[in-house]
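Report on the following structure.
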Amino acid sequence: MSDRLFIFDTTLRDGEQVPGCQLNTVEKIEVAKALEELGVDVIEAGFPISSPGDFNSVVEISKAVTWPTICALTRAVENDIRVAADALQYAKHKRIHTGIGTSDYHIKYKFNSNREDILERAIACVKYAKRFVEDVQFYAEDAGRTDNEYLARVVEAVIKAGATVVNIPDTTGYCLPSQFGEKIQYLMEHVKGIHNVTIATHCHNDLGMATANTMSGVMHGARQAEVTINGIGERAGNTSLEEVAMICRSHKELGIDTNLNTTKLYGISRMVSSLMNMPVQPNKAIVGRNAFAHSSGIHQDGVLKNRESYEIIDPKDVGVDENSIVLTARSGRAALKHRLHVLGIELDKEALDKAYEGFLQLADKKKEINDDDVLLLAGEHRKAS
Ligand code: KIV
Ligand code: ZN
């Protein structure tokens, strides 16, 4: 029996906060509908108090999307919570996501306060949100750098106040995977009532460990992963949805299932990239242009004999048609022969050898050999043989 991991997508909130990534309401609805088709469980649609545009987007997404829960972010401030509740009025399934910073950095520098006061404010915001909705998620901002004992007190108190989901963000992307996993485990072992709620991870990628930290959290008991498409988000970004999805799918021994239709991953990645004008790095895991491209001769030969020699994911599982054998100066005869075959051309051994010689000369001058080049080479050597 597998355990279900709930996927909470914050592309339209944490992702959209990135400078230059702002979307209008129509574009946000387009993304929200694609997220619904992908099968995400929760869409964080915005931070309604932050602007009339964000408020309106939460309203319109709530009307346009019916299957996932629609979530709105607030600070631990009553007016934020009232406005969020108002923005969510049309949502079939609604959640308020409220919270406060719990690390000493936040308590001292951001709030000029103390631990006891922050604990009271955490309890109060959850109780206040409960007046408007049943489903209240609490976030302990900067939980990654929060002392575990104090964090456990906060988590226990907000559960008692009625939180249904408790989010443990590594806001600054500081934790090592082992530390983050231990933090979740500590909470699972020390907080009364924790098994009646869902614990969420929300990891940032400042040290390139967001996905590793998320998976470590999941392996220690978290059952909601907060993610974004292409890993976009504040600074170095958030955990990327596609990576978590494919780790769960590839490592069945974890016993973790999501509701995602992974064949939609590539399409939604491209949609978000083009709407937000945010290119996907070519070597990005799962959805990068080169994620299934093989360019060295040894790899190409191996893949042509059996794809699994160098591929752990079938490209079709993420919505990419086929792996690509990129023809460059490092490609071997097998790759050229394969490309010719795909183009409907079979050469005898002598003609292939000659075409390959011509190919290498051309490849030394050009970065990539395209199909027109291959057809030209084949034509010359078919005639010559
Ligand atoms: O990174 C963070 O801590 C957040 C919270 C608001 C959930 O985005
Ligand atoms: Zn965040």
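Residue numbers for the sequence shown, in the numbering used here: 1 to 385. Idealized CB from N, CA, C, for every residue including glycine.
- Task: Can you tell me which of the three DSSP states Q137 falls into?
- Result: Numbered from 1 along the sequence shown, position 137 holds the residue referred to as residue 137. Of the three classes helix, strand and coil, the one that applies to Q137 here is strand, per DSSP.
- Is H399 buried or exposed, if buried means 16 or more other CB atoms sit within 10 Å of its CB? The question about residue 399 has no answer here: the residues shown for the chain are numbered 1 through 385.
- In three-state DSSP terms, what is G208? Working through the sequence shown from its first residue, we reach residue 208 at position 208. Coil, per DSSP.
- Query: Within this structure, are the beta carbons of V165 and Q137 separated by less than 7 angstroms?
  - Reply: Mapped onto the sequence shown, residue 165 falls at position 165. Mapped onto the sequence shown, residue 137 falls at position 137. The answer is yes: Cβ separation under 7 angstroms.
- Query: Can the beta-carbon of F359 be found closer than 7 angstroms to that of L375?
  - Reply: In the sequence shown, counting from the first residue as 1, residue 359 sits at position 359. In the sequence shown, counting from the first residue as 1, residue 375 sits at position 375. Cβ distance not < 7 angstroms, so F359 and L375 don't count as in contact.
- For R4, which three-state DSSP category applies? Locating residue 4 in the sequence shown gives position 4, where the first residue counts as 1. Strand, per DSSP.
- Item | Beta carbon of I29 nearer than 7 angstroms to that of I61 | Against the sequence shown, residue 29 aligns to sequence position 29. Against the sequence shown, residue 61 aligns to sequence position 61. Yes, these two residues count as a Cβ contact at 7 angstroms.
- Message: I'd like to confirm the pairing. Which residues does DSSP put opposite V227 in its beta bridges?
- Response: Position 227 of the sequence shown, counted from the first residue, corresponds to residue 227. V227 is bridged to D9.
- Query: Going along the chain, which residues of its own chain have a beta-carbon closer than 7 angstroms to the beta-carbon of S309, five neighbours each way excluded?
  - Reply: Numbered from its first residue, the sequence shown carries residue 309 at position 309. Once the five neighbours on either side are set aside, the close Cβ partners of S309 are G302 and V303.
- Message: Judging by CA-CA distance, which residue of K130, R307, P169 and A355 is the nearest neighbour of R145?
- Response: As a first step, residue 145 is located in the sequence shown; it is residue number 145 there, counting from the start. For R145, the nearest C-alpha among the options comes from P169.
- Task: Would you kindly work out how many angstroms separate the C-alpha atoms of G332 and A378, rounded to a whole number?
- Result: What you label residue 332 is simply residue 332 of the sequence shown in a count that begins at 1. What you label residue 378 is simply residue 378 of the sequence shown in a count that begins at 1. One C-alpha to the other measures close to 15 angstroms.
- Query: Does the beta carbon of F292 come closer than 7 angstroms to any beta carbon on chain D?
  - Reply: No chain D is present in this structure, which holds just one protein chain.
- Runs of beta strand (DSSP E) lying entirely within the segment 35-95, each at least 3 residues, in chain order: List check, beta strand (DSSP E) in window: 42-46 and 69-73.
- Task: Tell whether a beta-carbon distance below 7 angstroms holds between E400 and T69.
- Result: Because the chain is modelled from 1 through 385, residue 400 falls outside the range shown and cannot be assessed.
- Query: Should the segment 176-184 be called in touch with the segment 196-216, which here means at least 3 C-beta pairs below 8 angstroms?
  - Reply: yes
- Message: With a threshold of 6 angstroms on Cβ separation, who are the neighbours of S385 within its own chain once the five nearest residues in sequence on each side are excluded?
- Response: For this step, residue 385 is matched to residue 385 along the sequence shown. Interpretation of S385 is limited by its pLDDT of 44, a score under 50 that renders its predicted location unreliable; the figure taken from the coordinates is listed afterwards. Around S385: E350 and A351.
- 8 angstroms contact criterion, which N444 and Y139 should meet: CB distance rounded: Any question about residue 444 goes unanswered here, given that the chain covers just 1 to 385.
- Message: Suppose you measure from the CA of A245 to the CA of T262; what does that come to, to the nearest Å?
- Response: For the purposes of this step, residue 245 is identified with residue 245 of the sequence shown, where counting begins at 1. For the purposes of this step, residue 262 is identified with residue 262 of the sequence shown, where counting begins at 1. Rounded to the nearest angstrom, the two C-alpha atoms are 7 angstroms apart.
- Verify whether the separation of the beta carbon atoms of A122 and I107 is less than 7 angstroms. Within the sequence shown, residue 122 is the residue found at index 122, counting from 1. Within the sequence shown, residue 107 is the residue found at index 107, counting from 1. For A122 and I107, no; Cβs fall outside 7 angstroms.
- Query: Leaving out five residues before and five after G237 in sequence, what residues of the same chain have Cβ atoms less than 6 angstroms from its Cβ?
  - Reply: Walking along the sequence shown from the start, residue 237 turns up at place 237. The residues are N205 and G231.
- What residues in its chain sit with their C-beta under 7 angstroms from that of E243, if we drop five residues either side in the sequence? The residue given as residue 243 occupies position 243 in the sequence shown. Closer than 7 angstroms at Cβ, skipping near neighbours: T211, A285 and I286.
- Task: Classify S51 as buried or exposed, calling it buried when 16 or more other Cβ atoms lie within 10 Å of its own Cβ.
- Result: Counted from its first residue, the sequence shown places residue 51 at position 51. Around the Cβ of S51, a 10 Å sphere holds fewer than 16 other Cβ atoms; the residue is exposed.
- Task: Classify Q300 as buried or exposed, calling it buried when 16 or more other Cβ atoms lie within 10 Å of its own Cβ.
- Result: To locate residue 300, count along the sequence shown from 1; it is residue 300. So Q300 ends up on the buried side.
- Nearest to D80 (by Cα), restricted to the options C125, V40 and K305: For the purposes of this step, residue 80 is taken as residue 80 along the sequence shown, with counting starting at 1. Closest option to D80, Cα to Cα, is C125.
- With a threshold of 16 other CB atoms inside 10 Å of the CB of P48, please say whether the residue is buried or exposed. Sequence index remark: in the sequence shown, residue 48 carries index 48 (1-based). Buried: at least 16 other Cβ atoms inside 10 Å.
- Where N213 sits in the DSSP three-state scheme: As a working mapping, residue 213 is identified with position 213 in the sequence shown. N213 falls in the helix class under three-state DSSP.
- Message: Please tell me whether M188 and G221 are closer than 7 angstroms, where the distance is taken between their beta carbons.
- Response: If you number the sequence shown from 1, residue 188 lands on position 188. If you number the sequence shown from 1, residue 221 lands on position 221. Yes, the Cβ-Cβ distance between M188 and G221 is below 7 angstroms.
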